[in-house]
Amino acid sequence: MSPIPVLSRGNLDFPKLDNALRHPNGLIAAGGDLSTDRLIAAYSQGIFPWYEEGCPILWWSPDPRAVMFPDKFRISRSLGRLLRQNRFEVTLNTDFDAVIKACSGTRRNSSGTWITAGMKDAYMALHGIGVAHSVECYLEGKLAGGLYGIGLGRLFFGESMFYREQNASKVAFAHLASLLKTQKCPLIDCQISNPHLQSLGATSISRKRYAEYLARHITPDKAIDWLALPTRLPPW
Numbered sequence: 318m319s320p321i322p323v324l325s326r327g328n329l330d331f332p333k334l335d336n337a338l339r340h341p342n343g344l345i346a347a348g349g350d351l352s353t354d355r356l357i358a359a360y361s362q363g364i365f366p367w368y369e370e371g372c373p374i375l376w377w378s379p380d381p382r383a384v385m386f387p388d389k390f391r392i393s394r395s396l397g398r399l400l401r402q403n404r405f406e407v408t409l410n411t412d413f414d415a416v417i418k419a420c421s422g423t424r425r426n427s428s429g430t431w432i433t434a435g436m437k438d439a440y441m442a443l444h445g446i447g448v449a450h451s452v453e454c455y456l457e458g459k460l461a462g463g464l465y466g467i468g469l470g471r472l473f474f475g476e477s478m479f480y481r482e483q484n485a486s487k488v489a490f491a492h493l494a495s496l497l498k499t500q501k502c503p504l505i506d507c508q509i510s511n512p513h514l515q516s517l518g519a520t521s522i523s524r525k526r527y528a529e530y531l532a533r534h535i536t537p538d539k540a541i542d543w544l545a546l547p548t549r550l551p552p553w
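Heads up: the sequence shown is residues 318 to 553, going by the working numbering.
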């Protein structure tokens, strides 16, 4: 593996995306910290942290990039029936803490626990300033599934999802995609493709095209007003 830049704590600058390694795909820098300013700077440039407990912070910008276009979310017959039954109550930003704690038990690409204690604290801080958001899915008053991610401009950057009841995370994702479609969000970042995301309609685009979406849609004047959105999402 070629050497990569090591970030200092006082400097929020990241290398240019073209400097990301091909192997491993997208590794662009190490070190730094998980301050809110650095995380916002990273996501704004198409970079995200991903590392395991006890390891240095690693920063990534893979090429190609997995994304979901909200109007292309794929609803299977079985998921459609489940959505129409409205068995689940779906909410927005009502229990971010519980969602990220539940997600921390999942694995990304089955390669180690990646939501470290430091990551949880960092995204809780982002939630506190209105940048990180969660979708909760309840069944009979109990948290059955959900997801969380980052909202910047008109874009949403998905981080993780979980379920305790079958298909609850899919229900949460379907409601998020529907909500974001009404908010004219053109793209949900899914970071790294996998068969589950592909089954829901995720596709891959080049890092260059992804950066063009960032340039067009991440400006504050185009931002989604998350505080104005309902905390209880309407039935399907």
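Using N, Cα and C, we set each Cβ at its ideal position, and we do this for glycine too. Being a predicted model, the structure only gives us computed values, none of them experimental.
Extent of the continuous beta strand (DSSP E) run through residue i
{"i": "L469", "result": "K459 to L469"}
{"i": "L375", "result": "L375 to W377"}
{"i": "F331", "result": "Run containing F331: none; DSSP gives neither H nor E here."}
{"i": "A451", "result": "As written in the sequence, residue 451 is Ser, which differs from the Ala given in the question. Unbroken beta strand (DSSP E) run through S451: A449 to L456."}
{"i": "L409", "result": "E406 to L409"}
{"i": "E369", "result": "Here E369 belongs to no beta strand (DSSP E), and DSSP marks it neither H nor E."}
{"i": "A337", "result": "Counting along the chain, A337 falls outside any beta strand (DSSP E), and DSSP gives it neither H nor E."}
{"i": "L472", "result": "L472 to Y480"}
{"i": "R382", "result": "R382 to M385"}
{"i": "I345", "result": "L344 to G348"}
Residue span of the alpha helix (DSSP H) that contains residue i, given as start and end
{"i": "G435", "result": "A434 to G445"}
{"i": "D414", "result": "F413 to C420"}
{"i": "S361", "result": "T353 to S361"}
{"i": "A485", "result": "A485 to T499"}
{"i": "S395", "result": "R394 to Q402"}
For residue j and residue i, believed in contact at Cβ under 8 Å, the rounded distance
{"i": "G463", "j": "A419", "result": "7 Å"}
{"i": "P387", "j": "L531", "result": "With a Cβ gap of about 16 Å, P387 and L531 do not count as contacting."}
{"i": "A449", "j": "I467", "result": "6 Å"}
{"i": "A528", "j": "L334", "result": "6 Å"}
{"i": "I541", "j": "Q508", "result": "With a Cβ gap of about 20 Å, I541 and Q508 do not count as contacting."}
Own chain residues within Cβ distance below 7 Å of residue i, not counting five before or after
{"i": "H534", "result": "G470, R471, L472 and P503"}
{"i": "N403", "result": "P552 and W553"}
{"i": "N484", "result": "L396 and L399"}
{"i": "P373", "result": "A347 and G348"}
{"i": "S523", "result": "D380 and P381"}
{"i": "G429", "result": "Because G429 sits at a pLDDT of 42, beneath the cut-off of 50, its placement in the model cannot be relied upon, and the following sentence gives the value as read from the coordinates. Taken in chain order, the residues that qualify are E369."}
{"i": "L329", "result": "D354, R355 and A358"}
{"i": "T536", "result": "G470"}
{"i": "G371", "result": "none"}
Contact set for residue i: own chain, Cβ-Cβ below 6 Å, skip 5 residues either direction
{"i": "A337", "result": "G343, I345 and S378"}
{"i": "E406", "result": "Y455"}
{"i": "V488", "result": "F405 and C454"}
{"i": "E457", "result": "none"}
{"i": "P512", "result": "none"}
{"i": "F474", "result": "Y360, G466, I467 and D506"}
{"i": "P322", "result": "P332 and A346"}
{"i": "E476", "result": "Y465 and G466"}
{"i": "H492", "result": "V407 and L550"}
Contact set for residue i: own chain, Cβ-Cβ below 8 Å, skip 5 residues either direction
{"i": "S427", "result": "Only weak support exists for where S427 lies, its pLDDT of 41 falling under 50; the value from the coordinates is given anyway. Excluding sequence neighbours, S427 sits near nothing in its chain."}
{"i": "L460", "result": "D412, A415, V416, A419, E453, C454 and R481"}
{"i": "F331", "result": "L324, I345, A346, A358, A359, Q362, I364 and W376"}
{"i": "K437", "result": "I417, K418 and S421"}
{"i": "L351", "result": "P366, I374, G435, M436, D438 and A439"}
{"i": "T353", "result": "A439, A442, L443, I446 and V448"}
{"i": "S486", "result": "C454, G462, G463, L464, M478, F479 and Y480"}
{"i": "S521", "result": "P381, R382, A383, V384 and S510"}
heavy atom of the ligand NAP below 7 Å from residue i C-beta
{"i": "Q483", "result": "The ligand NAP is not part of the structure shown, which contains no ligands of any sort."}
* Asked: Residue ranges of each alpha helix (DSSP H) run of no fewer than 4 residues wholly in the region 502 to 534, ordered along the chain?
  -> List check, alpha helix (DSSP H) in window: 512 to 516 and 524 to 534.
* To do: Could you tell me whether the region 356 to 365 touches the region 539 to 550, using the rule of 3 or more Cβ pairs below 8 Å?
  => No: the two stretches stay apart, fewer than three of their Cβ pairs being nearer than 8 Å.
* **the region 508 to 523 touching the region 384 to 391, judged by at least three CB pairs closer than 8 Å** => Yes, the region 508 to 523 is in contact with the region 384 to 391.
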